[in-house]
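So the structure is just underneath, and the comments pick up after that.
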Amino acid sequence: MLPTKRYALIYFESVDSYKDYFESTVGEELVLKRRSRTDIAVDILRVAMNGAKKTHIVYEVNLNFNIAQKYLEMLKEKELIRHENGVFITTDKGKVFQEMAKELKL
Numbered sequence: 001m002l003p004t005k006r007y008a009l010i011y012f013e014s015v016d017s018y019k020d021y022f023e024s025t026v027g028e029e030l031v032l033k034r035r036s037r038t039d040i041a042v043d044i045l046r047v048a049m050n051g052a053k054k055t056h057i058v059y060e061v062n063l064n065f066n067i068a069q070k071y072l073e074m075l076k077e078k079e080l081i082r083h084e085n086g087v088f089i090t091t092d093k094g095k096v097f098q099e100m101a102k103e104l105k106l
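For the record, in the sequence shown the residue sitting at position 16 is 16 according to UniProt numbering, with numbers rising by one throughout.
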């Protein structure tokens with residue numbers, strides 16, 4: 001998995017080595033894409049598949065707590081995820097959504 005821009009300078013020694021890495025992996029120019037809302041939702045559903053606390057989701061999906069809270073609330077409202085005893089779990093409806101999103105991405 002490629003490091004995110006947020007942590008790139010921790011992972012790489014310098015900005016030049018960061019650019020060199022991405023140029024060598026994606027071609028001639030440095031290409032950094034922002035994730036779509038769907039991508040973020042699918043990532044959250046993936047992490048919560050077997051149950052995950054909010055902190056684990058935040059770190060695994062690379063979100064801040066406020067943004068994660070908004071996504072978790074939205075996913076709960078749409079019944080794609082449920083919250084039980086401090087743990088978020090992907091629902092059957094969430095699993096179907098995740099599979100459909102993967103198919104559309106291909």
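Every residue gets a Cβ at the ideal spot worked out from N, C-alpha and C, and that includes glycine.
| Asked | Found |
| --- | --- |
| Please tell me whether K93 and L104 are closer than 7 Å, where the distance is taken between their beta carbons. | no |
| How long is the line joining the alpha carbons of I89 and V61, rounded to whole angstroms? | 15 Å |
| CA-CA distance, H83 and R35? | 24 Å |
| Could you spell out where the beta strand (DSSP E) holding T90 opens and where it closes? | V87 to T90 |
| Kindly indicate the opening and closing residues of the beta strand (DSSP E) around E77. | E77 -> not in any beta strand (DSSP E); alpha helix (DSSP H) instead, spanning F65 to E77. |
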